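Notes to accompany the following structure.
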Ligand SMILES: [Cu+2]
């Protein structure tokens, strides 16, 4: 019985233990991928959408691909690319996901690639975090928290002025 | 001079006055119809009050076109606008801002109200019928287009610049998306000094 309990305890621990290792600086190591500096921005009142940002380094020898994302904070999360063409903002959904070439770092940042949270179930409040699950073609799924920065934040850690 | 010739002369004077009035009316109306930023449209603000081309007269204006479902450009610009108002303080007392929705189907006055009030009490959210929104967008050369995202979802591509208007409603320049704050404040101070 004790052995059974111990096994159950061990098993439950395995279930709740994160499937990734995390550095002191917060970088998440997930298979060959290193995920760092995740953040999102505080949303304005009634804004039903939000953007998610992070850096993804592919330290492996093979290409991988961010194929989808989901979050309990949104009805849907899509992978988008934004670009300025002259003074016009253009946005496209990357239906095939985001290519992660071997040895390269792809950055999801304001003004470029981003996760688009659509149909928010709650406002994103500065200082809180928003959970998101990213699904990679080879590395599989990984769950992480995006700290909510100010509404116009450019990076995970705002520089002091 | 006979009565007849006086009557004739009077009629001539009436005709000349009428002609002058018509010409003046046409000339005065002309600037409202043509030229950058000129047009006529009937829109509403977040409180359901009517908004037309005359609202830009009487104070310097920062004018932006966007939509509340915008993931980045609009919230960023709204946050920057909030900090412009904050930085300018009393100096910017006369400045008014307008957020015109290029997604009027989803941006009802109620939706716009809270969204813009986050920025300042001196910003007005503007919406209306798609036809009237098209008129104001055309007047300012604003591009916008619907981009489908699957299902019923869509986003909008749109011009991201902030237009600056002086107190007579004349176009004075733009602040580009993500323009450096010091430059943006310089442009606003310039506008306020001129107005
Ligand atoms: Cu926008």
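Chains as they are written, first to last, in my numbering: chain A, 1365 to 1525; chain B, 89 to 283. Yeah, the Cβ is synthetic: ideal placement off N, Cα and C, and Gly gets one too. Keep in mind it's a predicted model, so treat the numbers as computed, not measured.
- Judged by the Cβ position, residue 187 of chain B fails to qualify as a neighbour of ligand 1 at the 7 Å threshold, every heavy atom of the ligand being at least this far.
- Against chain B, the CB of residue 1451 of chain A has a partner CB under 8 Å away; the residue lies at that interface.
- Of A:1485, A:1425, A:1393, the smallest CA-CA separation from residue 1464 of chain A is found for A:1425.
- Remark: fewer than three beta-carbon pairs, one from each stretch, lie closer than 8 Å, so the region 1491-1503 of chain A and the region 243-261 of chain B are not flagged as touching.
- Among the residues facing chain B, residue 1487 of chain A is not included, as its CB has no counterpart in that chain under 8 Å away.
- Put simply, the CB of residue 227 of chain B is far from chain A, with every gap to its CB atoms at 8 Å or more.
- Per DSSP, the continuous alpha helix (DSSP H) segment holding residue 218 of chain B begins and ends at 218-227.
- Residue 1408 of chain A reaches chain B at 156, 162, 163, 166, 167, 202, 203, 204, 206, 207, counting residues in chain order whose Cβ is nearer than 9 Å.
- The continuous beta strand (DSSP E) containing residue 1449 of chain A extends over residues 1438-1449.
- Residue 1407 of chain A and residue 1494 of chain A have their C-alpha atoms roughly 12 Å apart.
- Going by beta carbons, residue 1400 of chain A and residue 1419 of chain A fall inside the 8 Å limit.
- For the 8 Å CB-CB criterion, residue 1468 of chain A and residue 1422 of chain A form a contact.
- The DSSP-derived three-state label of residue 1416 of chain A is strand.
- Boundaries of the beta strand (DSSP E) around residue 1454 of chain A: 1452-1457.
- An exposed status is given to residue 95 of chain B, since fewer than 16 other beta-carbon atoms sit within 10 Å of its beta-carbon.
- Sixteen is the threshold: when 16 or more other Cβ atoms of the shown chains lie within 10 Å of the Cβ of residue 214 of chain B, as they do, the residue is buried.
- The three-state secondary structure of residue 242 of chain B, taken from DSSP, is strand.
- Taking 8 Å as the cut-off between beta carbons, the residues of the region 1408-1442 of chain A near chain B are 1408, 1409, 1410, 1411, 1412, 1413, 1414, 1415, 1440, 1442, in sequence order.
- Between the alpha carbons of residue 233 of chain B and residue 198 of chain B lies a distance of about 23 Å.
- Counting every other CB atom within 10 Å of its CB across the protein chains shown gives residue 256 of chain B a total below 16, marking it as exposed.
- With the criterion CB distance below 5 Å from any heavy atom of ligand 1, the matching residues run B:154, B:158, B:161, B:162 along the chain.
- Each residue's CA atom was taken as its position, placing residue 153 of chain B and residue 1480 of chain A some 21 Å apart.
- In the DSSP annotation of this structure, the continuous segment of the alpha helix (DSSP H) that includes residue 170 of chain B starts and ends at 161-176.
- In the DSSP assignment, residue 274 of chain B falls outside any beta strand (DSSP E) and within the unbroken alpha helix (DSSP H) covering 269-282.
- Distance from the CA of residue 169 of chain B to the CA of residue 262 of chain B, rounded to the nearest whole angstrom, comes to 13 Å.
- Scanning B:231, B:210, B:280, B:273 for the CA closest to the CA of residue 1448 of chain A turns up B:231.
- Check the Cα spacing between residue 1511 of chain A and each of A:1498, A:1499, A:1497, A:1488: the tightest is with A:1488.
- Neighbours of residue 246 of chain B in chain A, taken as residues at a C-beta separation under 7 Å, are given in chain order as 1452, 1453.
- Think of a sphere of 7 Å around the beta carbon of residue 1515 of chain A: the chain B residues whose beta carbon falls inside it are 163, 167, in chain order.
- CA-to-CA, the gap between residue 274 of chain B and residue 1460 of chain A works out to about 44 Å.
- Boundaries for residue 265 of chain B: no beta strand (DSSP E) harbours it, and the DSSP string shows neither H nor E there.
- Among the residues facing chain A, residue 150 of chain B is not included, as its CB has no counterpart in that chain under 8 Å away.
- The residue from A:1520, A:1474, A:1390 with its alpha-carbon nearest to that of residue 160 of chain B is A:1474.
- Excluding its 5 nearest sequence neighbours in each direction, residue 226 of chain B has C-beta neighbours in its own chain below 7 Å: 127, listed in chain order.
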